[in-house]
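Quick notes on the structure that follows.
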Amino acid sequence: MKVVIASDHGGVNLKRTVTEYLTDKKIDFTDLGPDSMDSVDYPDYAKPVAEKVAAGEYDKGILICGTGIGMNITANKTKGIRCALVHDTFSAKATRAHNDSNVLAMGERVIGPGLALEVVDTWLNTVFEGGRHERRVCKIEE
């Protein structure tokens, strides 16, 4: 599995926590930045992640900003992206199993690091169920 991750200035600390998790789990990932808490514009980071996942360069993407909302909205503007804003493990599992989400958005100001890692772990390790859900995901893509 190949993952691409980015944040804005409001998500840098949580992104560091998540990249440490990815490293520990030996998951291949690329961090598109930023590396500091200097103010940046979240679309400048969400769009490249979404485009790389949509192009098939990466299997999944993770986006983190203050709330996750701006990243989520931006990513979902890219054809082929099903980005889910998630702050609990039930939703993380459901969005993979039922929606085949390929990008995860979270908010550093909304979720603590421990729960965020549980969300990431659940999201990365839940398989799309297909079946009746396949038909619905196809309708999203249309």
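Basically our numbering = 1-based index in the sequence shown + 38. Built from N, CA and C at the ideal position, the CB exists for glycine as well.
Can you tell me which of the three DSSP states residue i falls into?
i, result
"Gly49", "helix"
"Val141", "strand"
"Lys40", "strand"
"Lys85", "helix"
"Ile111", "helix"
"Gly152", "helix"
"Val124", "coil"
"Lys90", "helix"
Between residue i and the rest of its own chain, which residues show a CB-CB distance below 8 Å, the 5 nearest in sequence each way excluded?
i, result
"Thr55", "Pro151, Ala154, Leu155"
"Pro81", "Gly108, Thr112"
"Asp79", "Asp46"
Can you list, in chain order, the residues of its chain with a C-beta nearer than 6 Å to that of residue i? Leave out the 5 residues immediately preceding and following it.
i, result
"Ala130", "Val124, Val157, Thr160, Trp161"
"Ser77", "His47"
"Ile149", "His125"
"Met75", "His47, Val50"
"Thr68", "Val42"
Excluding the 5 residues flanking residue i on each side, which residues of the same chain have their C-beta closer than 7 Å to its C-beta?
i, result
"Val91", "Val42, Lys98, Gly99, Ile119, Asn140, Val141"
"Gly104", "Gly48, Gly49, Gly145, Glu146, Arg147"
Let me know if residue i comes out buried or exposed under the rule of 16 or more other beta-carbons within 10 Å of its beta-carbon.
i, result
"Val50", "buried"
"Phe128", "exposed"
"Asn110", "buried"
"Glu58", "exposed"
"Lys115", "exposed"
"Lys117", "exposed"
"Lys53", "buried"
Bridge partners for residue i per DSSP, in chain order?
i, result
"Ile119", "Answer by DSSP bridge pairing: none, since Ile119 is not bridged."
"Thr68", "Val42"
"Ile178", "Note: Ile178 sits in no beta bridge, so no partner."
"Leu101", "Ala44, Ala143"
Short check: CB of residue i to CB of residue j, under 9 Å?
i, j, result
"Gly106", "Met144", "yes"
"Pro72", "Ala44", "yes"
"Phe166", "Asp138", "yes"
"Glu95", "Lys40", "yes"
"His171", "Ala135", "yes"
"Leu60", "Ala84", "no"
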